[in-house]
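Single-structure report; data block below.
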Amino acid sequence: MMAIDDAKTADAACEDRDLMSEPVEDSSVPPAHAPEPAAPEPGALQEWVRLVARIHNGEADGMEELYKLFSRGIRYYLCRQLGPQELDDKVHDTFLVVVNAIKNGDLREPERLMGFVRTIVRRQIAAHIDRVVQDRRDQTDLDTGSKIADPRGSPEQTAIQREKADLLKQVLHELSGRDREILTRFYLHEEPQELICEEMGLSDTQFRLLKSRAKARFGELGKKKLASRTLGTLFMRTSAASKH
Amino acid sequence: MANLFKGKEGDLRDSPVFEPHPTDDELEMYSMGRASELETIRIEEHVLLCGYCQDRLQDADEFVALMKDTTNEIAAREDAALDKQGRARTVAGAVERMGTPVITGLAAIVAVTIGFAVYQNQRAVSTPTGEAAIHLVANRGAGMTPVIGSNASSVLLSMDTSGLPEERLAVVVVAEDGSPVWASQVEPRNNRALASVRQSLRAGQYFCRLSSKSVLLREFAFRVQ
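Each protein sequence line maps, in turn, to chains A and B.
The first sequence lines up with residues 2 to 245 when you count with the numbering used here.
The second sequence lines up with residues 19 to 243 when you count with the numbering used here.
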C-alpha cells in the first residue's frame, strides 16, 4: 500500500510539475461517457401532462410513478441541504405536499412538473430552516440548550476525509506556486474566473485546463490509493489464511 | 468523491431527462453557490431527475469543500511565513535608515539575528511541530467550516479582515457554548490579521470573533477534531 509519506517523497521529486501539458477531459462540455439524456421529443412533455392528470384523478399508479421518478432526487436535495436526519419523514412530507397540490389543481402548467417539484422542495427546505431557527430562538430563554445533530462523521469517514485531504495536498504541492495561487484565488477567495484570468494573464482555456488537470490528478491518486488498499487487504487475507 | 475514484462508466443509468447534462464547470459553479439564477434553476431541475448528475454533483461538492480546506491550510502557512519575513524586513529597514555606520553595523547584526530567527520560525511553520494553521475567511456557504486536529499544541489563526478598518481589533475565541477560551488583540495588515493561540484546543466547535470598541465586526467558525 502506498503510504502518504511515500507519496510525499514522490511528490518532492516532481515539484512544480506542469499539469498543463497532460491530456485531460474538457470540463466545459458534458462528459463524453455520460448517458445520453432523453431527447426533448414533442411527446415527452405530454407524458408529464398525462401523469399529472392521473394524479389529479386520484389514480394510485400515477402516484406510484411520480414517487418512482422523483423520490431519489427529492431525497438527494433534502439530504444535501438539510443533512440525513429524519430524511425519510422529510421525503414523505414533501411527496405528500406535491401530490396534494396536484390533486387540488395548484399545478396550472402540468408540463412544468419538474419546476413545480423543485419549487416545493425548496419551500420545504426553507420552512424546515425557519422552524429550526425559531426553535433555537425559543429554547434560548429556557437555557437548557437545544439539541443539534453532531456534524462530525464517523471515525471511518473522518479518516477517509483526512486521506483525501492529504492526497489533495499532494496534488497542490506538485503544482507551481503560480498555479496554486490561481486555485486558491478561485476556490478559497471565490474570486471570479474573469478577474483571475485578467490579472494573471491566462486564457479561459488555460484556466479550465489547470482546474481539470488538478481534479484528474486527484482522481488518479485516489484510484491508486484504492487499488493499493484492495491489494493490501487481499495480501493480509492471504497471509492470514496461510497461517491457519 | 468515491465516484471520482471509481470512474463514471459503472454509473450509467437511464434518466428521464429532457435537458443536456450540465458540464463539470457548471456543476462546480453551482456547488460553490456562484451559478446564475437561471443556471441554478436549470441545474436543479436536471439533477432532480438525473441520478448520474446527482453523483457528479456530489463529487463536485466534495471536491470544492476539500479544495477550500486544503488551500485554506496552505494559505495560512504561507501568510504566516510572509508575515514573519515582512516583520524582519521592516525592522532591518528602519535601523538602516538611521544613517550612521555604527547603527548600520548594528542593524546588520540585528537583521542577521532576526533573519536567523525567521528562518527558524519558518522551519517551525513548514514542518509539523504541533502548531496548526487555520485560514479563516468570511464564507457565504454552509458546510465549509475549517477543521484542524486537536493534537496541535498551538493554533495560528489567519483571519480575513477585508472591509474592516486597519486598526487594533479585539479577538476572542469562544467555545460552542459561548464561553471564552482565549482573547487578545490584533492589528490587521493587507486585509489579514494573524493571531497565535498558544494553547491546545479540545475537540469541538469554536467561534473566533473580531470586534472594535465592543462592536462585533466579524465572526468565523472553525472546528477542532
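Cβ coordinates follow ideal geometry from the N, Cα and C atoms, glycine included.
Review point. What are the partner residues of His-153/B, as DSSP defines its beta bridges?
Key: Counting from one through the second sequence, the residue named residue 153/B turns up at place 135. Within the DSSP secondary-structure output, His-153/B pairs in a beta bridge with Ser-176/B.
Exercise for the section: Check Pro-111/A in the structure and name its three-state DSSP category. Expected result: The residue you call residue 111/A lines up with position 110 of the first sequence. Here Pro-111/A sits in helix by DSSP.
Exercise for the section: Take the Cβ of Leu-234/B as the centre, count every other Cβ of all protein chains shown within 10 Å, and call the residue buried at 16 or more, exposed below. Expected result: On the second sequence, residue 234/B is found 216 positions in, with the first residue counted as 1. Leu-234/B counts as exposed, since fewer than 16 other beta carbons sit within 10 angstroms of its beta carbon.
* Leu-182/B and Ile-152/B: beta carbons closer than 7 Å? -> Position 164 of the second sequence, counting from 1, holds the residue named residue 182/B. Position 134 of the second sequence, counting from 1, holds the residue named residue 152/B. Result no, Cβ atoms of Leu-182/B and Ile-152/B do not sit closer than 7 Å.
Beta-carbon spacing of Ser-168/B, Ala-221/B below 7 Å: Taking the first residue of the second sequence as position 1, residue 168/B is located at position 150. Taking the first residue of the second sequence as position 1, residue 221/B is located at position 203. Taking 7 Å as the Cβ cut-off, Ser-168/B and Ala-221/B qualify as a contacting pair.
| What's the C-alpha gap between Ser-214/B and Thr-41/B? | Within the second sequence, residue 214/B is the residue found at index 196, counting from 1. Within the second sequence, residue 41/B is the residue found at index 23, counting from 1. Looking at the backbone, the Cα of Ser-214/B and that of Thr-41/B are separated by about 42 Å.
- Look up Gly-222/B in the DSSP assignment and give the residues it is bridged to. For this step, residue 222/B is matched to residue 204 along the second sequence. Among the bridge pairs identified by DSSP, Gly-222/B is matched with Val-242/B.
Note to self: Would Thr-179/B and Leu-189/A qualify as a contact pair, given that the criterion is a beta-carbon distance under 7 Å?
What the structure shows: Taking the first residue of the second sequence as 1, we reach residue 179/B at position 161. Taking the first residue of the first sequence as 1, we reach residue 189/A at position 188. No, these two residues do not count as a Cβ contact at 7 Å.
Closest residue to Val-199/B among Glu-205/B, Ser-218/B and Arg-210/B (Cα-Cα distance): Within the second sequence, the letter at position 181 stands for residue 199/B. Looking at Glu-205/B, Ser-218/B and Arg-210/B, the one whose alpha-carbon comes closest to that of Val-199/B is Ser-218/B.
TODO: Spell out whether any CB of chain B is found under 7 Å from the CB atom of Ala-61/A.
DONE: Position 60 of the first sequence, counted from the start, is the residue given in the question as residue 61/A. Not one beta carbon of chain B lies nearer than 7 Å to the beta carbon of Ala-61/A.
Are Ile-75/A and Val-122/A touching if we call contact CB-CB under 7 Å?
-> On the first sequence, position 74 is the one that residue 75/A refers to. On the first sequence, position 121 is the one that residue 122/A refers to. Yes, these two residues count as a Cβ contact at 7 Å.
Report task. Using a cut-off of 9 Å between C-beta atoms, extract the partners of Lys-91/A located in chain B. Result -> Stepping through the first sequence from its first residue, residue 91/A is reached at position 90. Per Cβ cutoff of 9 Å: no residues; Lys-91/A is ~15 Å from chain B at best.
Report task. Using three-state DSSP, classify Leu-212/B as helix, strand or coil. Result -> Within the second sequence, residue 212/B is the residue found at index 194, counting from 1. Of the three classes helix, strand and coil, the one that applies to Leu-212/B here is strand, per DSSP.
- Say whether chain A places a C-beta atom closer than 7 Å to the C-beta of Thr-89/B. Walking along the second sequence from the start, residue 89/B turns up at place 71. Thr-89/B counts as touching chain A.
*asked:* Rounded to the nearest angstrom, what separates Leu-150/B and Pro-38/B at their Cα positions?
replied: The count along the second sequence starts at 1 and reaches residue 150/B at position 132. The count along the second sequence starts at 1 and reaches residue 38/B at position 20. Looking at the sequence provided, one finds Ala at residue 150/B rather than Leu. C-alpha of Ala-150/B to C-alpha of Pro-38/B: approximately 44 Å in a straight line.
Using a Cβ cut-off of 8 Å, which residues of the region 99-117 of chain A contact any Cβ in chain B, in chain order?
For the region 99-117 of chain A, the set of positions with a beta-carbon nearer than 8 Å to some beta-carbon of chain B reads Met-115 and Gly-116 in chain order.
If you draw a straight line from the alpha carbon of Lys-91/A to that of His-129/A, how long is it in whole angstroms? Translated into positions along the first sequence, residue 91/A becomes position 90. Translated into positions along the first sequence, residue 129/A becomes position 128. Lys-91/A and His-129/A: Cα-Cα distance of roughly 9 Å.
By the DSSP assignment, the alpha helix (DSSP H) with Leu-70/A in it spans what residues? Here residue 70/A corresponds to residue number 69 of the first sequence, with the count starting at 1. 61-83 is the extent of the alpha helix (DSSP H) around Leu-70/A.
Review point. When DSSP labels each residue in this structure, what does Pro-183/B get in the three-state scheme?
Key: On the second sequence, position 165 is the one that residue 183/B refers to. Here Pro-183/B sits in coil by DSSP.
Thinking Leu-45/B and Ala-78/B are a contact (beta carbons under 8 Å), I'd like their distance in whole angstroms, please.
Your numbering for residue 45/B matches position 27 in the second sequence. Your numbering for residue 78/B matches position 60 in the second sequence. Right, the Cβ-Cβ distance comes to about 4 Å (below 8 Å), so this counts as a contact.
Establish whether the CB of Ser-229/A and some CB of chain B are separated by less than 7 Å.
-> Residue numbering aside, residue 229/A sits at position 228 when the first sequence is read from its first letter. No, because no Cβ of chain B sits closer than 7 Å to the Cβ of Ser-229/A.
key: Under 7 Å by beta carbon: chain A residues contacting Val-82/B   = If you number the second sequence from 1, residue 82/B lands on position 64. Correct list: Tyr-188.
Notebook entry, point to check: Any C-beta of chain B sitting closer than 7 Å to the C-beta of Thr-206/A?
Noted result: Translated into positions along the first sequence, residue 206/A becomes position 205. Not one chain B Cβ lies under 7 Å of Thr-206/A.
What's the C-alpha gap between Ser-229/B and Arg-236/B? Indexing the second sequence from 1 puts residue 229/B at position 211. Indexing the second sequence from 1 puts residue 236/B at position 218. Taking the straight line joining both Cα atoms gives about 7 Å.
Problem set entry | Extent of the continuous alpha helix (DSSP H) to which Pro-40/B belongs | Counted from its first residue, the second sequence places residue 40/B at position 22. Segment: none, Pro-40/B is in no alpha helix (DSSP H) and carries neither H nor E.
**Asked** When the cut-off is 7 Å and only beta carbons count, does Ser-144/B lie next to chain A?
**Response** Here the question's residue 144/B lines up with position 126 in the second sequence. Low per-residue confidence applies at Ser-144/B: pLDDT is 40, beneath 50, and the placement is therefore not dependable, though the value from the model is reported in the following sentence. At a cut-off of 7 Å between C-beta atoms, Ser-144/B does not count as an interface residue with respect to chain A.
Run down chain B in chain order and give the residues with a C-beta less than 7 Å from the C-beta of Ala-166/A. Here the question's residue 166/A lines up with position 165 in the first sequence. Here the neighbours are Leu-84, Asp-87 and Thr-88.
**Message:** Any beta carbon from chain A within less than 7 Å of Leu-66/B's own beta carbon?
**Reply:** Taking the first residue of the second sequence as 1, we reach residue 66/B at position 48. Yes, Leu-66/B counts as interfacial toward chain A.
Nearest neighbour of Arg-163/A, chosen from Ala-170/B, Asp-195/B, Val-189/B and Ile-166/B [CA to CA]:
Locating residue 163/A in the first sequence gives position 162, where the first residue counts as 1. In terms of Cα proximity to Arg-163/A, the closest of Ala-170/B, Asp-195/B, Val-189/B and Ile-166/B is Ile-166/B.
| query | By a C-beta neighbour count over all protein chains shown, 10 Å radius and 16 as the cutoff for buried, is Thr-206/A buried or exposed? | reply | Reading the first sequence from its first residue, position 205 is the one you call residue 206/A. Flag for Thr-206/A reads exposed.
Distance check for Val-190/B and Cys-226/B, CA to CA, integer angstroms please. In the second sequence, counting from the first residue as 1, residue 226/B sits at position 208. In the second sequence, counting from the first residue as 1, residue 190/B sits at position 172. Spanning the two alpha carbons is a distance of roughly 6 Å.
- Message: Taking contact to mean 3 or more Cβ pairs, one atom from each stretch, closer than 8 Å, check whether the region 110-120 of chain A and the region 45-56 of chain A are in contact.
- Response: Remark: three or more beta-carbon pairs, one from each stretch, lie closer than 8 Å, so the region 110-120 of chain A and the region 45-56 of chain A are flagged as touching.
*Cut-off 6 Å between Cβ atoms - residues of its own chain near Glu-194/B, not counting five sequence neighbours on either side*: Working through the second sequence from its first residue, we reach residue 194/B at position 176. Excluding sequence neighbours, Glu-194/B sits near Gly-222 and Gln-223.
request  = For chain A, find out if any of its Cβ atoms is closer than 7 Å to the Cβ of Ala-150/B; answer yes or no.
outcome  = To locate residue 150/B, count along the second sequence from 1; it is residue 132. Judged by the 7 Å Cβ criterion, Ala-150/B is not in contact with chain A.
Q. When DSSP builds the beta bridges, which residues end up paired with Leu-234/B?
A. Reading the second sequence from its first residue, position 216 is the one you call residue 234/B. Ser-229/B.
Next on the checklist: Could you check whether the Cβ of Thr-95/A sits closer than 7 Å to any Cβ belonging to chain B?
Outcome noted: Residue 95/A sits at position 94 when you count from the first residue of the first sequence. Not closer than 7 Å to any Cβ of chain B, the Cβ of Thr-95/A fails to qualify, so no.
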